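Student:
Chains as they are written, first to last, in the numbering used here: chain A, 1 to 152; chain B, 1001 to 1164.
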């Protein structure tokens, strides 16, 4: 009987920890396999990304003052950013228990050097409770791109 | 009975902890949600500015171009909008997304307003460079797309256009 109670308590503790993990829900992961640096002032082309995420990314690059020039013509660029993004509306359970209707946003981008076709940088982010939707994910990508360029 | 009370207390604790975490993540967010939670973000400009009176072409943005053009006119943005891309010096492209309030949002949160996302970028057609870009997210947008269009137009006027 005592063992059964202890199991219940452990299960409940696990549930509480899992819930708190969901609440924290923001994580990003950078991929930096290439030793090549992205030079400051490089011309970057952002390929169209589903849901207009490319436009959000361009805005984030300017907002975060990433030291690159974004161009609209791929032939004039030295690097290309491609990626995917998705956004998920808050469900009723999230609204009921957490009292928020912020969306879950995920984005993943990669930077390719067009000369060598080498992926020089990649970054993926998941915002479990994104207050500003796609804008938050785009700004996370831009911030980490800036860190890569500045070698931080 | 004791077990039920224990589980009830634990669930309350977990919910409270979740909300505490959420509040810590976005301290300003909750305060602003109470004021119909409208949020905009300015983009400091390091790029060259657009001269006043420059000819701009607003590209189709899935219907967002119409409220955006109207907002540009309402906010008296000193740019000349042209109908043909060939006549323009700059091009405005962008994307917008509107999320209507779900039944759950209406019932639980008591809000009928939609959540709006919009983003625009202005490209110099000669050089191909993006000279300005802006993104806005409006939670519980009072006027739907009109709110985000006006935010974009206001920031274009204030930040993208060079002083005379």
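Using N, Cα and C, we set each Cβ at its ideal position, and we do this for glycine too.
Here the structure is a predicted model, which is why all the values come from computation and not from measurement.
Taking the straight line between their C-alpha atoms, what separation do you get for residue 1122(B) and residue 1090(B)?
Tutor: Going by the C-alpha atoms only, they are around 7 Å apart.
Student: So, for residue 71(A): in the same chain, excluding its five sequence neighbours on each side, which residues have a beta-carbon less than 6 Å away from its beta-carbon?
Tutor: For residue 71(A), where only same-chain residues beyond five positions count, the Cβ hits under 6 Å are 43, 45, 77.
Student: Can you name the residues of chain A whose CB is closer than 8 Å to the CB of residue 1128(B)?
Tutor: Going along chain A in sequence order, the residues near residue 1128(B) (Cβ under 8 Å) are 71, 72, 73, 76.
Student: Taking only beta-carbon atoms, is residue 132(A) less than 8 Å away from chain B?
Tutor: For residue 132(A), the answer is yes, since a Cβ of chain B falls inside 8 Å of its Cβ.
Student: Hey, residue 125(A) and residue 83(A) are a contact pair by Cβ (cut 8 Å); roughly how many whole angstroms apart?
Tutor: So it is not a contact: roughly 10 Å between Cβ atoms.
Student: I'd like the list of long-range same chain contacts for residue 1144(B), defined as Cβ closer than 7 Å, with 5 residues on each side in sequence excluded.
Tutor: So the list reads 1098, 1114, 1116, once near-sequence residues are dropped.
Student: Buried or exposed: residue 116(A), going by 16 or more other Cβ atoms within 10 Å of its Cβ?
Tutor: Exposed is the call here.
Student: Among 1135(B), 1086(B), 1151(B), which residue has its Cα nearest to the Cα of residue 1142(B)?
Tutor: Cα-wise, what sits closest to residue 1142(B) is 1151(B).
Student: Among residues of its own chain, excluding the 5 on either side of residue 74(A), which ones have a beta-carbon nearer than 6 Å to its beta-carbon?
Tutor: The answer, listed in chain order, is 45.
Student: Counting only beta-carbon separations shorter than 8 Å, does residue 41(A) have a partner in chain B?
Tutor: For residue 41(A), the answer is no, since every Cβ of chain B falls outside 8 Å of its Cβ.
Student: Count the CB pairs spanning the stretch 1051-1067 of chain B and the stretch 1131-1138 of chain B that are closer than 8 Å, and state whether there are at least three.
Tutor: Cβ pair count under 8 Å is below three, so no.
Student: I'd like to know whether the C-beta of residue 1039(B) is nearer than 8 Å to at least one C-beta of chain A.
Tutor: Here the model assigns residue 1039(B) a pLDDT of 43, short of 50, so the residue's position is not dependable, and the following value carries that caveat. Residue 1039(B) counts as touching chain A.
Student: Three-state secondary structure (DSSP) at residue 1074(B)?
Tutor: It is helical.
Student: Can you tell me which of 104(A), 141(A), 60(A) puts its alpha carbon nearest to the alpha carbon of residue 94(A)?
Tutor: Of 104(A), 141(A), 60(A), the residue nearest in Cα terms is 104(A).
Student: List the residues of chain A that residue 1144(B) touches, going by C-beta distances under 7 Å, in chain order.
Tutor: Chain A residues near residue 1144(B): none, gap ~15 Å exceeds 7 Å.
Student: Output the distance between the C-alpha atoms of residue 1105(B) and residue 146(A), rounded to the nearest integer angstrom.
Tutor: Their backbone Cα atoms lie some 37 Å apart in a straight line.
Student: Confirm, please, whether the CB-CB distance from residue 85(A) to residue 102(A) is below 8 Å.
Tutor: In this structure, residue 85(A) does not lie closer than 8 Å to residue 102(A) by Cβ.
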